[in-house]
Amino acid sequence: MARAKNSSFHFFNNIYLYTMNDPTTILLEIVKLTLPAIIVFATAYNILKSYLNKQYQMKLLETKNSLKSTSLPLKLQAYERLSLLCERIIPGNLLLRIKSPGMTVEDLHMALLVAVQQEFDHNISQQVYVSDNLWSIIKQARQHTINLISACAAELNQSDNCSKLSELLLEEYDNMSEKPLDTAQRAIRREAGLLL
4 MARAKNSSFH
14 FFNNIYLYTM
24 NDPTTILLEI
34 VKLTLPAIIV
44 FATAYNILKS
54 YLNKQYQMKL
64 LETKNSLKST
74 SLPLKLQAYE
84 RLSLLCERII
94 PGNLLLRIKS
104 PGMTVEDLHM
114 ALLVAVQQEF
124 DHNISQQVYV
134 SDNLWSIIKQ
144 ARQHTINLIS
154 ACAAELNQSD
164 NCSKLSELLL
174 EEYDNMSEKP
184 LDTAQRAIRR
194 EAGLLL
């Protein structure tokens, strides 16, 4: 019986060797062995690629949310500070803080210009958190306020009492149809509203 097994094994082995000598059969055997491996590899590659892309997108979203939660309060604080800047450099508000008895037109003029510039300098870093357009509007409003103060002071005798400058400045500001500081305030509210 042992011989029969050997001879049958030998017989099948010879058939296998005989059929493997045919190039078409060899090619078919190679394809039969490699095609499933290629399919498995491609499937695994696509699944892994999809998984890694989803993980990357989730990590990116987490990072964005983390940055938003950190930067949102800073941006809102910037809008708040710029709004306060606009309020503080309105001529009427400036005069309440700066005007004192005994000042001349020249004294008040210089004190107002210094106050406007100091307010602006104190808030200049806020430009990092707002759009270029909004920052430009705020700079224009500040410059318009400086120009208005200087124009009113130029119409008066520099040694006169500061009350004349106060009255003229308030009158000119009230007569303006479109106040740049009001425009800046609206722009601040509009841009801050986009974040909320």
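Per our numbering: the sequence shown ends with 199, consecutive numbering throughout.
Using N, Cα and C, we set each Cβ at its ideal position, and we do this for glycine too.
Predicted model only: the values in this text are computed from it and were never measured.
- Excluding sequence positions up to five before and after residue 96, its CB lies within less than 8 Å of the CB of 90, all in the same chain and listed in chain order.
- In the DSSP assignment, residue 107 is bridged to 164.
- Spanning the alpha carbons of residue 58 and residue 50 requires a straight line of approximately 12 Å.
- CA-CA distance, residue 98 to residue 77, rounds to 30 Å.
- Sorting 35, 82 and 114 by C-alpha distance to the C-alpha of residue 168 places 114 at the top.
- Per DSSP, residue 70 is one residue of the alpha helix (DSSP H) stretching across 26-91.
- DSSP, reduced to helix, strand and coil, places residue 113 within a helical segment of the structure shown.
- A check of alpha carbon separations from residue 166 across 102, 40 and 84 identifies 102 as the nearest.
- Cβ-Cβ separation between residue 144 and residue 183: approximately 4 Å, consistent with a contact (criterion under 8 Å).
- Take residue 119, set aside five residues on each side of it, and the residues of its chain with a beta-carbon closer than 8 Å to its own are 92, 97, 145, 148, 149 and 152, in chain order.
- For residue 181, the number of other beta carbons within 10 angstroms of its own is below 16, and it is reported as exposed.
- Leaving aside the five residues that flank residue 160 on each side, the residues in its chain whose CB is nearer than 7 Å to its CB run, in chain order, 108.
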